[in-house]
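For the sequence shown, the numbering used here begins at 1486 and goes up steadily by one.
All C-beta atoms, glycine included, are put in the ideal place defined by N, C-alpha and C.
Working notes, beginning with the structure itself.
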Amino acid sequence: MRGHKLAQLDPLGLSSVDLDSERPNDLTYTFYNFTKLDPLGILDADLSGEQPEGLKLSSHNLSEADLDRKFALPPITFIGGQEKELTLREIIRRLEDVYCQTIGLEYMYINSYEKCNWIRQRFEDQAQKKIGVKDIERAVKRLIRASKFEDYLKRKWSSEKRFGLEGCEALIPAMKMVIDTAANQGVDTVIMGMPHRGRLNVLANVTRKPLEELFCQFDPKLEPSDVSGSGDVKYHLGTCVERLNRASNTNVKFSLVANPSHLEAVDPVVQGKTRAEQFYRGDKFGDKAMSILLHGDAAFAGQGVVYETFHLSDLPA
């Protein structure tokens, strides 16, 4: 009865610390001034944005006077498009636009020159980076829909485990753009596999599984008594639906394979299901059926089944 009166509920004395005082008292001095709250020295880092020495013009025997000189572009770069030479000022601008913005790219470890060039061309080519206003509006709407879905689940079932997509909502417009592009090229079957993180959002906003079916998984009272499910958790469940793709104005069949608790185990299942679809339809070149696999960071690098699946995908049709 009196345990709460004796328990040290605030052993650090945080509730009595005056954090607004300019001069810390003994307590704050004891617990804050000696604690390494910034072990990486981030607060003292030079964030001025000054160019590294190796990127300065003087390091390459160039000066400001050379900025408007034209230079021939080497064959290893694709920033020029159809142009064979550009001014140094334009070269720097395009390279900064490609490699110094909000998207990073790591590919120089790849030993294949052809593969490096394939990646470099699609990343550096200015023409491929142009996006129409309608495409931007569509992507923003999809992004908002993904974000609002997570907000609703967080407010409605705050204590439920759901493995939300917060911070990575761009996955939804990205996946839908991939599907739209594939559908425009004749693909009518998309088989997907993914981990639990973001699965509910993909079900709701990519496959468009009915929301009432999704929400029933959060409350057993909402589930129909005459329907017997698998008993699995909601963020493992999949679906199979066919619906109209507005980009191509054709029907596309979506299949999101149910996910086991063991990460990446679904990979060969998705590949096998896709190969079976192609085999029975006589789709030797994968023109009609395709697969999309999403991976968790550590699991992708650490699970052997990922590399085994890569080898399986190289088997002849």
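Reduced DSSP category for residue i - H, G, I as helix; E, B as strand; rest coil
i, result
"T1759", "helix"
"I1777", "strand"
"Y1514", "Because Y1514 sits at a pLDDT of 48, beneath the cut-off of 50, its placement in the model cannot be relied upon, and the point is left open."
"A1557", "strand"
"L1573", "helix"
"T1724", "strand"
"N1686", "helix"
"P1695", "coil"
"I1564", "coil"
"E1645", "coil"
"H1747", "coil"
"W1754", "Just to set this straight, residue 1754 is Val in the shown sequence, not Trp. It is helical."
"F1770", "coil"
"L1650", "coil"
"T1587", "coil"
"D1610", "coil"
"N1546", "coil"
"L1638", "helix"
"P1658", "helix"
Residue-chain proximity (residue i, chain D), Cβ-Cβ < 8 Å
i, result
"N1602", "The displayed structure is made up of one protein chain only, and chain D is not part of it."
Residue i and residue j closer than 8 Å at C-beta
i, j, result
"L1778", "G1678", "yes"
"G1723", "V1742", "yes"
"F1780", "H1721", "First, the residue type needs correcting, since residue 1780 is His and not Phe in the sequence shown. No. Outside cutoff."
"I1576", "I1561", "no"
"K1719", "L1696", "no"
"N1730", "D1665", "yes"
"K1738", "G1671", "no"
"Q1763", "T1794", "no"
"G1566", "Q1606", "no"
"V1583", "E1599", "no"
"F1703", "E1645", "yes"
Nearest-angstrom Cα separation, counted from residue j out to residue i
i, j, result
"R1623", "E1581", "27 Å"
"K1758", "K1694", "20 Å"
"S1746", "R1574", "53 Å"
"M1660", "T1735", "17 Å"
"D1768", "E1749", "26 Å"
"C1585", "K1541", "15 Å"
"E1549", "Q1536", "15 Å"
"A1655", "D1752", "22 Å"
"K1521", "D1782", "29 Å"
"L1688", "V1675", "13 Å"
"E1591", "E1698", "40 Å"
"L1528", "K1614", "35 Å"
"Y1514", "D1523", "With a pLDDT of 48 at Y1514, under the threshold of 50, the modelled position of that residue is not reliable, and no figure is offered here."
"I1629", "Y1594", "36 Å"
"L1638", "I1616", "32 Å"
"G1526", "G1649", "31 Å"
"D1673", "S1798", "20 Å"
"V1726", "G1589", "35 Å"
"F1770", "R1760", "10 Å"
Cβ distance (whole Å) where residue i is taken to contact residue j below 8 Å
i, j, result
"A1668", "S1740", "Actually they do not touch by this definition, with Cβ atoms about 15 Å apart."
"V1625", "I1657", "Between I1657 and V1625 the Cβ distance is about 11 Å, and since that is not below 8 Å, they are no contact."
"A1557", "E1570", "5 Å"
"L1552", "T1572", "7 Å"
For residue i, the residue or residues it bridges with in DSSP
i, result
"L1729", "N1736"
"L1741", "M1677, T1724"
Near the ligand NAD: residue i beta-carbon under 7 Å from a heavy atom
i, result
"F1785", "With respect to the ligand NAD, the structure shown offers nothing to examine, as it has no ligands at all."
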